[in-house]
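As structure tokens, the structure follows; a few thoughts come after it.
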Amino acid sequence: MNEIIIIGGGLAGVEAAWQAANGGARVRLFEMRPVKQTPAHRTDKLAEIVCSNSLKSDEPGTASYLLKEELRRGGSLVMEAAATTRVPAGADETFVRGWIRRYGGGWQDGSRAGFAIRGRDDGFLGFAGLVDLDLEHREGELGYMVAPSARGRGIAPRAVELLTRWGFDELGLIRLELRIDVQNPASERVAERTGYLRDGVLRNVHFKEGLRCDLGVWSRLRQD
Ligand SMILES: Cc1cc2nc3c(=O)[nH]c(=O)nc-3n(C[C@H](O)[C@H](O)[C@H](O)COP(=O)(O)OP(=O)(O)OC[C@H]3O[C@@H](n4cnc5c(N)ncnc54)[C@H](O)[C@@H]3O)c2cc1C
Numbered sequence: 007m008n009e010i011i012i013i014g015g016g017l018a019g020v021e022a023a024w025q026a027a028n029g030g031a032r033v034r035l036f037e038m039r040p041v042k043q044t045p046a047h048r049t050d051k052l053a054e055i056v057c058s059n060s061l062k063s064d065e066p067g068t069a070s071y072l073l074k075e076e077l078r079r080g081g082s083l084v085m086e087a088a089a090t091t092r093v094p095a096g097a098d099e100t101f102v103r104g105w106i107r108r109y110g111g112g113w114q115d116g117s118r119a120g121f122a123i124r125g126r127d128d129g130f131l132g133f134a135g136l137v138d139l140d141l142e143h144r145e146g147e148l149g150y151m152v153a154p155s156a157r158g159r160g161i162a163p164r165a166v167e168l169l170t171r172w173g174f175d176e177l178g179l180i181r182l183e184l185r186i187d188v189q190n191p192a193s194e195r196v197a198e199r200t201g202y203l204r205d206g207v208l209r210n211v212h213f214k215e216g217l218r219c220d221l222g223v224w225s226r227l228r229q230d
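With our numbering applied, the sequence shown covers 7 to 230.
Next up, the structure:
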């Protein structure tokens, strides 16, 4: 079989190498860093995102959406990694204060309940909470974020399990939900590991901060 040689392990090079190798080709990928650094890159790692902000809009009808959608439909590894690790843009002081106020108010009126995830010794590890709580109808939606430095340690499933138990046992809820972008397999694994079942998919819904996506609805019932 012919060998494919790819020069440069940036975003494009790594995607091309992965796709070609997946298609059965033998691939050799050459990356010059760290022997020769570029003015833009900061690390010696493959697929470093040389990026001031984001991969731009995910609004259907824009050029950057179309390009990314083509990549997604082609089973892009880079797009999957980007979707799994994305964070809200523009988290400035106003955003943070508004967010804390919403959770403070939510705790008072029973419409939200947010918790810091803390380790015994290593401080703040993330956030988990009932991002939407309906005590009257005994339902709630869970959400969580794990700090990048704390990922890969099973913290998300542990937090989801504890919150789920708290919701059922202490709040008397009947149904809990997780809403997960279908492009986020890591969170889907958390849902599976914590006993949530996928009810179905809401197509092209507003997700957060101007992002739209196909959203899987996962649920766990008190009697499950
Ligand atoms: C300051 C800055 C900010 C940016 N901000 C954004 C942004 O916010 N959003 C956005 O979408 N895009 C942004 N970009 C553009 C960004 O660079 C591209 O989106 C993305 O990195 C392009 O990927 P690539 O694989 O084509 O190139 P790169 O990621 O640059 O990859 C090229 C790779 O080839 C290697 N290489 C080059 N020559 C050789 C050689 N002879 N031998 C071996 N290896 C070689 C390099 O070391 C590098 O790893 C920004 C660029 C810069 C400079």
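Ideal placement from N, C-alpha and C gives every residue a C-beta, glycine not left out. Predicted, not measured: the structure shown is a model, and the values here were computed from it.
Do Leu139 and Ala119 have their C-beta atoms closer together than 8 angstroms? Within the sequence shown, the letter at position 133 stands for residue 139. Within the sequence shown, the letter at position 113 stands for residue 119. The Cβ atoms of Leu139 and Ala119 sit closer than 8 angstroms to each other.
Which of the three DSSP states is assigned to Gly4 in this structure? Any answer about residue 4 is impossible in this case: the structure gives the chain only from 7 up to 230.
Cut-off 8 angstroms between Cβ atoms - residues of its own chain near Arg32, not counting five sequence neighbours on either side: Taking the first residue of the sequence shown as position 1, residue 32 is located at position 26. Around Arg32, the same chain offers Met7, Asn8, Glu9, Ile10 as residues with beta carbons nearer than 8 angstroms, after the five sequence neighbours per side are excluded.
Fully enclosed by the segment 147-211, which beta strand (DSSP E) runs are 3 residues long or longer? List check, beta strand (DSSP E) in window: 181-187.
Got a list of residues with beta-carbon closer than 7 angstroms to any non-hydrogen atom of ligand 1, in chain order? After applying the 7 angstroms Cβ criterion, the set is Ile13, Gly14, Gly15, Gly16, Leu17, Ala18, Gly19, Phe36, Glu37, Met38, Arg39, Thr44, Ala46, His47, Glu54, Ile55, Val56, Cys57, Ser58, Asn59, Ser60, Leu61, Lys62.
To which residues of the same chain is Tyr202 closer than 7 angstroms at the C-beta, ignoring the five residues directly before and after it? Against the sequence shown, residue 202 aligns to sequence position 196. Cβ within range, chain order: Leu184, Trp224, Ser225, Arg226.
Comparing C-alpha positions only, which one of Ser70, Ser82, His143, Arg195 sits nearest to Arg181? Taking the first residue of the sequence shown as position 1, residue 181 is located at position 175. Comparing Cα-Cα distances from Arg181 to each of Ser70, Ser82, His143, Arg195, the minimum goes to His143.
Count the other CB atoms within 10 Å of the CB of Met85; is the residue buried (16 or more) or exposed (fewer)? To locate residue 85, count along the sequence shown from 1; it is residue 79. Buried, because 16 or more other Cβ atoms sit within 10 Å of the Cβ of Met85.
Would you grab the beta carbon distance between Gly16 and Leu35 for me? Rounded to a whole angstrom, and I think it's under 8 angstroms. If you number the sequence shown from 1, residue 16 lands on position 10. If you number the sequence shown from 1, residue 35 lands on position 29. Contact flag wrong, Cβ pair sits at about 10 angstroms.
Of all the options Ile13, Ala53, Ile55, Ala89, which has the alpha carbon lying nearest to the alpha carbon of Leu221? Taking the first residue of the sequence shown as position 1, residue 221 is located at position 215. The option with the nearest alpha carbon to Leu221 is Ala89.
Residues bridged to Arg145 (per DSSP): Taking the first residue of the sequence shown as position 1, residue 145 is located at position 139. The sequence given here places Glu at residue 145; Arg does not occur at that position. According to DSSP, Glu145 bridges with Asp140, Arg181.
Among the residues of its own chain, which have a CB less than 7 angstroms from the CB of Leu131, if the five just before and after it don't count? Position 125 of the sequence shown holds residue 131. Shown here for Leu131: same chain residues with a beta carbon closer than 7 angstroms to its own, the five before and five after excluded, namely Ile123, Arg124, Gly125, Val152, Ala153, Ala156, Ile161 in chain order.
For Ser225, list the residues DSSP reports as bridge partners. On the sequence shown, residue 225 is found 219 positions in, with the first residue counted as 1. Glu183, Leu203.
Keeping to the same chain, check which residues put their C-beta closer than 7 angstroms to that of Val196; ignore five residues upstream and five downstream. Here residue 196 corresponds to residue number 190 of the sequence shown, with the count starting at 1. Excluding sequence positions up to five before and after Val196, its CB lies within less than 7 angstroms of the CB of Ala162, Pro163, Val166, all in the same chain and listed in chain order.
Cα separation between Ala22 and Leu52? Position 16 of the sequence shown, counted from the start, is the residue given in the question as residue 22. Position 46 of the sequence shown, counted from the start, is the residue given in the question as residue 52. So the two alpha carbons sit approximately 12 angstroms from each other.
On the three-state DSSP scale, how would you describe Arg34? Indexing the sequence shown from 1 puts residue 34 at position 28. Strand.
Give the range of the alpha helix (DSSP H) segment to which Glu76 is assigned. Looking up residue 76 in the sequence shown gives position 70. Boundaries of the alpha helix (DSSP H) around Glu76: 69-79.
Cα-Cα separation between Asn210 and Val102, rounded to whole angstroms: Numbered from its first residue, the sequence shown carries residue 210 at position 204. Numbered from its first residue, the sequence shown carries residue 102 at position 96. Cα to Cα, the separation comes out at about 27 angstroms.
Contacting residues, own chain, Cβ-Cβ under 6 angstroms from Gly146 (five flanking each side not counted): Looking up residue 146 in the sequence shown gives position 140. If we look at Gly146 and ignore the five residues flanking it on each side, its Cβ neighbours are Leu136, Leu139, Gly173, Leu179, Leu182.
If you draw a straight line from the alpha carbon of Ala26 to that of Thr170, how long is it in whole angstroms? Taking the sequence shown and counting its residues from 1, the one referred to as residue 26 is at position 20. Taking the sequence shown and counting its residues from 1, the one referred to as residue 170 is at position 164. For Ala26 and Thr170, the gap between their C-alpha atoms comes out near 42 angstroms.
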